[in-house]
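Report on the following structure.
In my numbering, the protein residues as written are 1029 to 1379.
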């Protein structure tokens, strides 16, 4: 993977996720790559931004933007992906869609190499990435997070029930959503009218299972996507997922309360041992509990396990408290997908 310098384009580079991805690429095995930062809008093109420790200019997308590219990451708006993914495909680039527009397109695979690695031989043969795969959708970070946790536990302690309540942060929906939550907080404290363009509801100092009818954020669609992608990642070997999304009054970071029921009795220590491994940081009771604040900037999913049985007694019901940096997790996972895509599709038009 590191034997040559790759050419990488990030479409939507000025977005929160675009900036995170650019920084993470410069800290990854692809750090020596030539990275192009692309945007559609004239006012954004030409802006100076940071790409890791380097300064870089954002370029406007044109007819030559995707020529000779090895990877194109779409992290901007869904409309940008719709308008330009075919151009990237025709140029021979490997496409990674983090806007989820391509989910359901022919020959486009929802993938998570982190989950697949844990599932290993548990999973039956299923359609996946192969030499003919040019475009993939890195699984939604919540779908990946829940599938990874389920796969780890399932590998040692067969799971009967998996349910989750997931708190959605504002940064998942970009700068406008974060700005509106901030402005709502300011307006509430000064007894002013609340802005509602993004959420069509009060989200500051509030927890909501659904938003207003004209909201630009659609929790039900997000929940459906996570369920669908979790099922795709499970390959029939992971427990069925029951879940609910809740809009949380936080700017950044996922937290989730996950209930797991195992078929056989186990201790908290045994569940912790099952979870231990790459991409998961098991936080014991001796440390502060995971939170969206403590997860900020962390590469791993933080997990604390508690049981319904007291002390070291065995039981079958456990609560997992998860926390993760949503943008960093999505960026690192997308880079892992790129590495896997190149490994399984080592040659193409632009090699």
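Yeah, the Cβ is synthetic: ideal placement off N, Cα and C, and Gly gets one too.
Can you check DSSP and say which residues form a bridge with residue i?
| i | result |
| --- | --- |
| residue 1099 | 1036, 1122 |
| residue 1062 | 1035 |
| residue 1352 | 1282 |
| residue 1137 | 1164 |
| residue 1275 | 1196, 1236 |
| residue 1087 | 1066 |
| residue 1290 | 1187 |
| residue 1346 | 1288, 1335 |
Tell me the rounded alpha-carbon separation between residue i and residue j.
| i | j | result |
| --- | --- | --- |
| residue 1153 | residue 1147 | Note on residue 1153: pLDDT 45, under 50, position unreliable in the model; no value is reported. |
| residue 1170 | residue 1261 | 12 Å |
| residue 1288 | residue 1183 | 14 Å |
| residue 1123 | residue 1093 | 14 Å |
| residue 1102 | residue 1294 | 43 Å |
| residue 1065 | residue 1072 | 11 Å |
| residue 1349 | residue 1158 | 35 Å |
| residue 1090 | residue 1137 | 27 Å |
| residue 1312 | residue 1033 | 41 Å |
| residue 1273 | residue 1237 | 6 Å |
| residue 1329 | residue 1174 | 10 Å |
| residue 1042 | residue 1086 | 8 Å |
| residue 1067 | residue 1252 | 29 Å |
| residue 1206 | residue 1342 | 43 Å |
| residue 1165 | residue 1125 | 5 Å |
| residue 1203 | residue 1192 | 27 Å |
| residue 1281 | residue 1337 | 30 Å |
| residue 1058 | residue 1167 | 20 Å |
| residue 1360 | residue 1045 | 11 Å |
| residue 1347 | residue 1190 | 10 Å |
| residue 1195 | residue 1263 | 26 Å |
| residue 1097 | residue 1254 | 30 Å |
| residue 1241 | residue 1370 | 42 Å |
| residue 1368 | residue 1216 | 47 Å |
Alpha helix (DSSP H) containing residue i: first to last residue?
| i | result |
| --- | --- |
| residue 1309 | Looking at the DSSP string, residue 1309 is not in any alpha helix (DSSP H); the run it does join, the beta strand (DSSP E), is 1308-1310. |
| residue 1174 | 1169-1184 |
| residue 1303 | 1296-1303 |
| residue 1323 | 1320-1323 |
Along the chain, where does the beta strand (DSSP E) that runs through residue i open and close?
| i | result |
| --- | --- |
| residue 1335 | 1329-1335 |
| residue 1215 | Careful: residue 1215 lies outside any beta strand (DSSP E), inside the alpha helix (DSSP H) at 1202-1217. |
| residue 1187 | 1187-1196 |
Taking only three categories from DSSP, how would you classify residue i?
| i | result |
| --- | --- |
| residue 1044 | helix |
| residue 1270 | strand |
| residue 1244 | coil |
| residue 1153 | With a pLDDT of only 45 at residue 1153, under 50, the local geometry of the prediction cannot be trusted, and no value is derived from it. |
| residue 1129 | coil |
| residue 1104 | coil |
| residue 1224 | coil |
| residue 1363 | helix |
| residue 1313 | coil |
| residue 1378 | Model confidence at residue 1378 stands at a pLDDT of 42, short of 50, so the residue's coordinates are unreliable; what they give is reported in the following sentence. The answer is coil: DSSP assigns residue 1378 none of H, G, I, E or B. |
| residue 1368 | helix |
| residue 1159 | coil |
| residue 1029 | Any reading at residue 1029 must be qualified, since the residue scores a pLDDT of 46, below 50, and its modelled position is unreliable; no value is offered. |
| residue 1052 | helix |
| residue 1114 | helix |
| residue 1230 | coil |
| residue 1148 | helix |
| residue 1251 | helix |
| residue 1109 | helix |
| residue 1261 | helix |
Counting C-beta neighbours from all protein chains within 10 Å, is the total for residue i 16 or more, i.e. buried, or is it exposed?
| i | result |
| --- | --- |
| residue 1177 | buried |
| residue 1047 | buried |
| residue 1069 | exposed |
| residue 1114 | exposed |
| residue 1180 | buried |
| residue 1314 | exposed |
| residue 1212 | buried |
| residue 1221 | exposed |
| residue 1321 | exposed |
| residue 1197 | buried |
| residue 1246 | exposed |
| residue 1050 | buried |
| residue 1218 | exposed |
| residue 1038 | buried |
| residue 1106 | exposed |
| residue 1104 | buried |
| residue 1283 | buried |
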